[in-house]
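K.L.:
I have a structure here, written as structure tokens, and I will follow up with some questions on it.
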Amino acid sequence: MQRRDAEFTEYVAARRTHLRRTAYLMCGDWHTADDLVQTALAKLYVAWPRIHRDVPPDAYVRRILVRANIDESRRPWRRERATEELPESPAEETFAVEDREQVRAALARLAPGQRTAVVLRYWAGLSVEEVARDMECSIGTVKSQTARAIARLRDQLSALEPTPRRES
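Numbering (the numbering used here), first residue to last: 1 to 168.
Below, the structure is given as structure tokens:
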């Protein structure tokens, strides 16, 4: 039991930040992302004895994140938004703040399935086949959702000119 807990703790320490960012990009809210990650990690812990041997943990957790995000998007109170400014994220340091906000807003306007497909494909770096597996849909669906999302993002962000990043 202690070995299992140690392995799980090590996995969480190594992957929590990446999982949190992935969840954030899927749902667009840091608090909801934290809830999604917490749900996913709780389910992973229960399944850990069989998961870390038979199935890659990242694939299992991503699938849970996708399902939890879909469930979350169906809840009526989901439309409530926090008014505080979102925290900065180290992975976003290559964009100026103004650009990040426009990209976040454009991502938030995508349908949940399109946003999830784009995040898993381009943020998490998964293949089309892996995204289809995690979203539990066909490869064709992933391709069409991704293509539609990219077209919408391109339309929404076409006027966006890169803003030089201010050096601290």
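For glycine and all other residues, C-beta sits at the position ideal for the given N, C-alpha and C.
What does the alpha-carbon distance come out to for the pair alanine 124 and arginine 20?
P.N.:
For alanine 124 and arginine 20, the distance between alpha carbons rounds to 11 angstroms.
K.L.:
Taking all protein chains shown into account, do 16 or more other C-beta atoms lie within 10 angstroms of the C-beta of alanine 68, making it buried, or fewer, making it exposed?
P.N.:
Counting Cβ neighbours within 10 Å, alanine 68 comes out buried, since at least 16 surround it.
K.L.:
Alpha carbon to alpha carbon, how far is valine 16 from threonine 22?
P.N.:
First, the amino acid is wrong: residue 16 is arginine here, not valine. Distance between the alpha carbons of arginine 16 and threonine 22 is about 10 angstroms.
K.L.:
My assumption, with CB atoms under 8 angstroms, is that valine 128 sits in contact with lysine 143. Please give the rounded CB distance.
P.N.:
The pair is a contact, with the Cβ atoms about 6 angstroms apart (cut-off 8 angstroms).
K.L.:
Less than 8 angstroms between C-beta atoms, sequence neighbours within five positions excluded: which residues of the same chain meet that for lysine 43?
P.N.:
Once the five neighbours on either side are set aside, the close Cβ partners of lysine 43 are Ile64.
K.L.:
How far does the alpha helix (DSSP H) with leucine 157 in it reach, from first residue to last?
P.N.:
Element bounds for leucine 157: 139-157.
K.L.:
Using a threshold of 8 angstroms, state whether the C-beta atoms of leucine 126 and arginine 115 are closer than that.
P.N.:
Cβ distance not < 8 angstroms, so leucine 126 and arginine 115 don't count as in contact.
K.L.:
Taking the alpha-carbon positions, what's the glutamate 72 to threonine 32 distance?
P.N.:
Whole-angstrom Cα-Cα distance: 8 angstroms.
K.L.:
What's the call for alanine 6, buried or exposed, on a 16-neighbour Cβ count within 10 Å?
P.N.:
Exposed, since its Cβ has fewer than 16 Cβ neighbours within 10 Å.
K.L.:
Over the uninterrupted alpha helix (DSSP H) stretch that includes aspartate 5, give me the two end residues.
P.N.:
It spans 2-27 - the alpha helix (DSSP H) in which aspartate 5 sits, taken as one unbroken run.
K.L.:
Considering glycine 125, what are the terminal residues of the alpha helix (DSSP H) in which it resides?
P.N.:
Here glycine 125 belongs to no alpha helix (DSSP H), and DSSP marks it neither H nor E.
K.L.:
Could you give the C-beta distance for glutamine 156 and arginine 109, rounded to a whole number, given that I count them as a contact under 8 angstroms?
P.N.:
At roughly 7 angstroms, the Cβ-Cβ gap stays under 8 angstroms, so glutamine 156 and arginine 109 are in contact.
K.L.:
Sorted by chain position, which residues of the same chain lie with C-beta nearer than 7 angstroms to glutamate 66's C-beta, five sequence neighbours on each side aside?
P.N.:
According to the sequence as given, residue 66 is valine; it is not glutamate. So the list reads Thr116, Asp134, Met135, once near-sequence residues are dropped.
K.L.:
Assuming arginine 4 contacts proline 49 under a Cβ cut-off of 8 angstroms, what Cβ separation, rounded to an integer in Å, is found between them?
P.N.:
Confirmed, Cβ separation roughly 6 angstroms.
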